[in-house]
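Asks: So for the sequence shown, our numbering puts the first residue at 93; every next one is plus one. We put the CB at the ideal spot given by N, CA and C, even for glycine. In this text, all values refer to a predicted model and were calculated from it rather than measured experimentally. Before anything else, here's the structure in question.
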Amino acid sequence: MPQILIDRKTCSKCNTCATVCVMGIIDKSTALNYPTIPEEKLDYCLKCGHCESFCAQKALTLDFLLDEKINTSFLDSQIEPQNIALYIKSRRSVRHYSSKTVNKELIAKVIDIARYAPSGGNGQPVKWIVIHKPSEVNRVASLTVDWMRTIQNTSHPLADYVPAIISTWDSGLDLICHNAPHLLFAHVPIEPIDDPTEAIIALTHFDIAAPAFGIGTCWAGFVKLAIDNYKPLKDLLSIPEERKAACPMLFGYSSYKITSIPRRNPVDITWK
């Protein structure tokens, strides 16, 4: 497990690193010593990097993937609140896509941002599947419609809703994947807790980052329902039995440009 590397020329011995350590395993500095993780506590390190992130003097480095260390000088200038507010508020679900595909290198860049999403205990359990070929996205949509056919005339909550979607599909219109060129899945282990929240958090990071790269997104709720209930679709995706996918995400270049921000209902807050 990683140790912390201290630059003794810049370390002020403020002990912030020890204070913010989630596991409380960093021994504070003394008049004679600098902060350190005792050998017997190294296995408890989560590699979350809090110790490094909060060091005001930038005197501490976690000895882990050093070649990926990011220059954080930009953090000295804060993003203006109004800019981040406008950016997030302008995010729209895109259901009309250009036929132009997004190259794999650019997709990987956005997913690389999403991998910094938080996870419990910094477990980083999320794995990704990218359906890159538009023909395969269409196949996913087709299998989703096949699942819908199986729930017609049943007690399923969507039984009365799906006939219209099926009819539309049969007429040549795709209300499942909206002819998106790409489809993104994030999946996590079922054990010890069957909860895809961490995958949803990671996908949300992708959703927020994508517009900065000119990419539009839309959550594919019907596909999610089919994944959970239709074996042919599960088999196509080859998601291991011990893992579960969260709601997948359609993405690609939008056919239209967003020019305004629509209104929303007033926020409903209960203060305690």
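Skipping 5 residues on each side, what residues in its chain have a beta carbon closer than 7 Å to that of S347?
Replies: Result list for S347: H188, Y189, S190, in chain order.
Asks: Expressed to the nearest angstrom, what Euclidean distance is found between the alpha-carbon atoms of T351 and Q174?
Replies: Roughly 17 Å separates the two Cα atoms.
Asks: Among C103, T102, Y322, which one has its Cα closest to the Cα of V237?
Replies: Ranking C103, T102, Y322 by Cα distance to V237 puts Y322 first.
Asks: Please return the same chain residues whose Cβ sits closer than 7 Å to the Cβ of K336, not counting the five positions on each side in sequence.
Replies: Cβ within range, chain order: H279, V280, I282, D286, P288.
Asks: Note down the Cα distance separating I199 from T296, rounded to an integer number of angstroms.
Replies: When rounded, the distance between both Cα atoms is 15 Å.
Asks: Tell me, please, whether the stretch 145 to 154 touches the stretch 99 to 112 by the rule of three or more beta-carbon pairs shorter than 8 Å.
Replies: Yes: the two stretches touch, three or more of their Cβ pairs being nearer than 8 Å.
Asks: Taking its Cβ as the centre, do 16 or more other Cβ atoms sit within 10 Å of A256, making it buried, or is it exposed?
Replies: Exposed, since its Cβ has fewer than 16 Cβ neighbours within 10 Å.
Asks: Would you list the residues sitting across from G308 in a DSSP beta bridge?
Replies: G308 pairs with G344.
Asks: Pairing CB atoms from the stretch 262 to 276 with CB atoms from the stretch 212 to 224, are three or more of them under 8 Å?
Replies: The stretch 262 to 276, when compared against the stretch 212 to 224, does touch it at the 8 Å Cβ threshold.
Asks: Please report the residue range of the alpha helix (DSSP H) in which H142 lies.
Replies: It spans 142 to 145 - the alpha helix (DSSP H) in which H142 sits, taken as one unbroken run.
Asks: Report yes if the CB atom of A318 is closer than 8 Å to the CB atom of L235, and no otherwise.
Replies: It is a contact, given that the beta carbons lie within the stated cut-off.
Asks: Could you check which residue in Y126, L134, I117 has the C-alpha nearest to that of T102?
Replies: Comparing Cα positions, the closest option is Y126.
Asks: Under 8 Å between the Cβ atoms of A338 and I307?
Replies: In this structure, I307 does not lie closer than 8 Å to A338 by Cβ.
Asks: Below 8 Å on the Cβ atoms is my contact criterion, and I expect P367 with A304 to pass it. Report the Cβ-Cβ distance as a whole number of Å.
Replies: Examination of residue 367 is not possible in this model, given that the chain is present from 93 through 364 alone.
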